[in-house]
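For the sequence shown, the working numbering gives the first residue as 45, with consecutive numbering after it. The C-beta atom is built at its ideal place from N, Cα and C for all residues, glycine as well. Worksheet: the structure to be examined is printed underneath.
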Amino acid sequence: IHDAVTFLHRNRDHSFRALHWQMDAEFAGDAGTRSFHRWLNESYNPGIRRLMHDWVGMMAGGEGVARWYPFLQPMQDLLACRDSRLRCGAGYANYTIMTDGHIGPCPVMIGMKEYYAGHIRETNPLSLPVVEVESECTRCPIRGFCGGRCLYSQIVRPWPDEMRLAVCDSVKNLYAGLVEALPLVRRCIAEGRINEGDFSHTRFNGCEIIP
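Written as structure tokens, this is what we have:
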């Protein structure tokens, strides 16, 4: 992940100002086949920490705040001491109109009619029902950080418990790294190298926030 993001950010031919990524956890339950745990512990999680070091280093070096969304939005909320529900907005702020006019709480939840929020022909868009995450996430101490990570996966439960916990550990690694970086970011703000407005962005625009 470190090499991929760095390449896209620094590419000489066409660099990208804004980046987001999705962790390939799949929904097939084949974690053992792909050595998912080893990849997570030996590559992905350490790579996230290296990226955070680079991200804060760019701020300290006068390069501004890189728009790496898995860092950008959570850090904005940490600076404001603000909790978040699902960062994609699924089920409460960001709904999907299906091709038949039904309104779903998430673009992945095609055909899951029991969770549909209505139909564009008859439903008032200002009063759509909220579809909440209902799982052990409601008791998690960092729920205010990721909101439950993914509404779809919370409902269909695609992974065995061991893999689900591993995915959660990746979120905890992201959280811990950002909390550790928070004092450094505040120092950059205090020194005038960046300002809190540099973290502003359009929410619920489709970018993955929690990979």
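Near residue i, which residues of its chain fall below 6 Å by C-beta distance, leaving aside the five closest residues on each side in sequence?
i, result
"C150", "A134, L195, Y196"
"C251", "H64, Y113"
"N168", "none"
Do residue i and residue j have their C-beta atoms closer together than 7 Å?
i, j, result
"C190", "V215", "yes"
"V211", "G192", "no"
"R94", "H46", "yes"
"N186", "Y136", "The sequence shown places Ile at residue 186, rather than the Asn named in the question. No, the Cβ-Cβ distance between I186 and Y136 is not below 7 Å."
"M67", "P255", "yes"
"M96", "G221", "yes"
"D127", "G188", "yes"
"N138", "F51", "no"
"I147", "A161", "yes"
"R165", "G145", "yes"
"R61", "R111", "yes"
Take residue i as the anchor and find which of the options has the nearest alpha-carbon.
i, options, result
"L152", "V200, L116, E235", "Sequence check: residue 152 is Val here, not Leu. Residue V200 is the option with its Cα nearest to V152."
"V174", "Y159, E166, I164", "Y159"
"V223", "Y139, R187, M119", "M119"
"M156", "G105, F60, T140", "T140"
"S179", "I253, G108, R208, R165", "R208"
"L226", "L170, L122, H245, I253", "L122"
For the beta strand (DSSP E) holding residue i, just list the boundary residues, first then last.
i, result
"I147", "146–148"
Compare the C-beta of residue i against all C-beta atoms of chain D and say whether one is closer than 7 Å.
i, result
"T140", "Among the chains of the structure shown, chain D does not appear; only one protein chain is present."
How far does the alpha helix (DSSP H) with residue i in it reach, from first residue to last?
i, result
"A225", "205–234"
"C181", "Here C181 belongs to no alpha helix (DSSP H), and DSSP marks it neither H nor E."
"R187", "187–190"
"S197", "195–200"
"L52", "46–54"
Less than 8 Å between C-beta atoms, sequence neighbours within five positions excluded: which residues of the same chain meet that for residue i?
i, result
"G108", "M102, I238, D242"
Checklist entry - In chain order, which continuous runs of the alpha helix (DSSP H) of length 4 or greater are located wholly inside the segment 59–130? => result Within the segment 59–130, complete alpha helix (DSSP H) segments of at least 4 residues are found at 80–83, 89–104, 113–123, given in chain order.
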